[in-house]
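Shown next, in structure tokens, is the structure this report addresses.
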Amino acid sequence: MKKAYAVIGANFGDEGKGLMTDYYCRLSDNVINIRSNGGAQAGHTVCTADGKRHVFSHIGSGSFAGADTYLSEYFILNPMLFSKEASVLGKDMGNIFIDSRCIVTLPCDMLLNQFVETMRGKSRHGSCGVGIFETIVRNRDSRYVLRYGDMLKADRRLLAARINSINMEYCPKRADDLGITGRAKDDLIDILGSELLTENYLDDLYAMAAQCREADERIIEQYDTAVFEGAQGLMLDQYREDYFPHLTPSSTGMKNIRAILDRLEKRDTEVCYVTRSFFTRHGAGRFDTESKDIAKQFGLYDKTNAPNEFQGNFRYGWFDLPEFMASLALDRKHMSEGEKLSIAVTHLDMTEGMIICPTGRLMPEDIAYMAIAAKLYKVSGETADDVVCQEVMEKALSRR
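Printed below as a string of structure tokens:
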């Protein structure tokens, strides 16, 4: 591998990571796209100049650019959602490699997640409802761990029995812990008691396995370029206690990427922090610069993030410069000497090419200088063709 790029969301997610992943994957003919955290709760939109549009969730966003996908050990597999996405993408998804160490979501994890969010009412955490946190909690208990490689080695009948035992032994106790009681708990247990639920799930698991190959991080060395695709954003990182409890149970920045890179040969690496020219948030939680008027004032809209049962309405706010800089400072500790930092600012076409803050407007160059970035990517549109790259290191260093 000669070159590596890391695409990291700097805010609450929805910054434009899919677009930038697609852009980087088009810079080489031999590219592997690595999912380095999270799971199928991601929603990374990619639009192409020839009219393709897809919201990538389980498969790498570089697929339209011809990149292969590696689902690393830090990725949470969901065979049900993989099958759904694969049926839409078809041949466009390229080769898929899965690390055998990945933990795997079960139907019960998704159902527990959805039931508890519904019961929380106005106190919802803003979950996507795909069971990410519940998958992690279950796998903390050695009695209920299920990793991809082990599942494929098991006899189907015995694996079905193990999943059904989790449904009947683990889930009632977990439901009690979550406050799922009464009729809701009865309904949950009734659904989990269906043998058809488990059998359909296993069909999806084996269909996924038939379309993919097992590999570990050494597969990356077979490619000229690696593009790491982060999910969610730095302000949702599991260790951002100042935003607790409305976080994602994942390391959303360089931490996992650093662990993978350190096990590989040294290469030229660029870390790109992506932000919109304004802030957004989908789901509940602290949002200091949220404004009900900003969307109307600038005509802001989003084609992907429609209101949904679990996350509610898409929220808009002013660009929060102090929080942006603080997030970058926290994550930079995972960068190594010699790695270049870059900034990508998307949705500039909606804000007249400027970054809109509560106290005024900034040029994208301003935040690139403040971050001492080597490159700035300005994006006014939806496709990789709308990305303009400029070198800024010399000016940035002069302002240090």
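Using the working numbering, read the sequence shown as starting at -16 and increasing by one per residue.
Heads up, the beta-carbon is just placed ideally off N, CA and C, and yes, glycines get one too.
Residues bridged to residue i [DSSP beta-bridge criterion]
{"i": "R196", "result": "F80"}
{"i": "D251", "result": "K(-14)"}
{"i": "Y360", "result": "A327, C372"}
{"i": "G22", "result": "I59"}
{"i": "R264", "result": "R298"}
{"i": "E273", "result": "G300"}
{"i": "H37", "result": "V29"}
{"i": "D51", "result": "I15"}
{"i": "G(-8)", "result": "G216, V257"}
Exposure label - residue i; buried when at least 16 CB within 10 Å
{"i": "E204", "result": "exposed"}
{"i": "Q280", "result": "exposed"}
{"i": "F227", "result": "exposed"}
{"i": "V99", "result": "buried"}
{"i": "G43", "result": "buried"}
{"i": "T272", "result": "buried"}
{"i": "D(-3)", "result": "buried"}
{"i": "G74", "result": "Per the sequence shown, the amino acid found at residue 74 is Lys instead of Gly. Exposed, by the Cβ-count rule."}
{"i": "N13", "result": "exposed"}
{"i": "P347", "result": "buried"}
{"i": "S11", "result": "buried"}
Nearest-angstrom beta carbon gap, residue j and residue i [assumed within contact, 8 Å]
{"i": "R241", "j": "H330", "result": "Going by Cβ atoms, the distance from R241 to H330 rounds to 29 Å, so no, they are not a contact pair."}
{"i": "D314", "j": "S363", "result": "About 26 Å; that fails the 8 Å criterion."}
{"i": "M76", "j": "A69", "result": "6 Å"}
{"i": "S83", "j": "Y7", "result": "That pair is no contact at about 27 Å."}
{"i": "H37", "j": "L72", "result": "7 Å"}
{"i": "N20", "j": "S233", "result": "5 Å"}
{"i": "K(-15)", "j": "R250", "result": "6 Å"}
Beta carbon of residue i nearer than 8 Å to that of residue j
{"i": "I(-9)", "j": "G22", "result": "no"}
{"i": "I202", "j": "Y53", "result": "yes"}
{"i": "T366", "j": "A(-7)", "result": "no"}
{"i": "I262", "j": "L283", "result": "The displayed chain sequence assigns Phe, not Ile, to residue 262. No, these two residues do not count as a Cβ contact at 8 Å."}
{"i": "L188", "j": "M102", "result": "no"}
{"i": "L171", "j": "L94", "result": "yes"}
{"i": "I79", "j": "C195", "result": "yes"}
{"i": "N150", "j": "C91", "result": "yes"}
{"i": "L304", "j": "I355", "result": "no"}
{"i": "A267", "j": "T235", "result": "no"}
{"i": "E200", "j": "R246", "result": "yes"}
Local conformation of residue i per DSSP, three classes
{"i": "Q215", "result": "strand"}
{"i": "D207", "result": "coil"}
{"i": "T4", "result": "helix"}
{"i": "R298", "result": "strand"}
{"i": "T118", "result": "helix"}
{"i": "N16", "result": "strand"}
{"i": "V99", "result": "helix"}
{"i": "V257", "result": "strand"}
{"i": "C340", "result": "strand"}
{"i": "T31", "result": "coil"}
{"i": "V71", "result": "helix"}
{"i": "L129", "result": "coil"}
{"i": "G321", "result": "coil"}
{"i": "T181", "result": "helix"}
Residue i at chain D interface by Cβ criterion, 8 Å
{"i": "I174", "result": "Judged by its chain identifiers, the structure shown contains no chain D, having just a single protein chain."}
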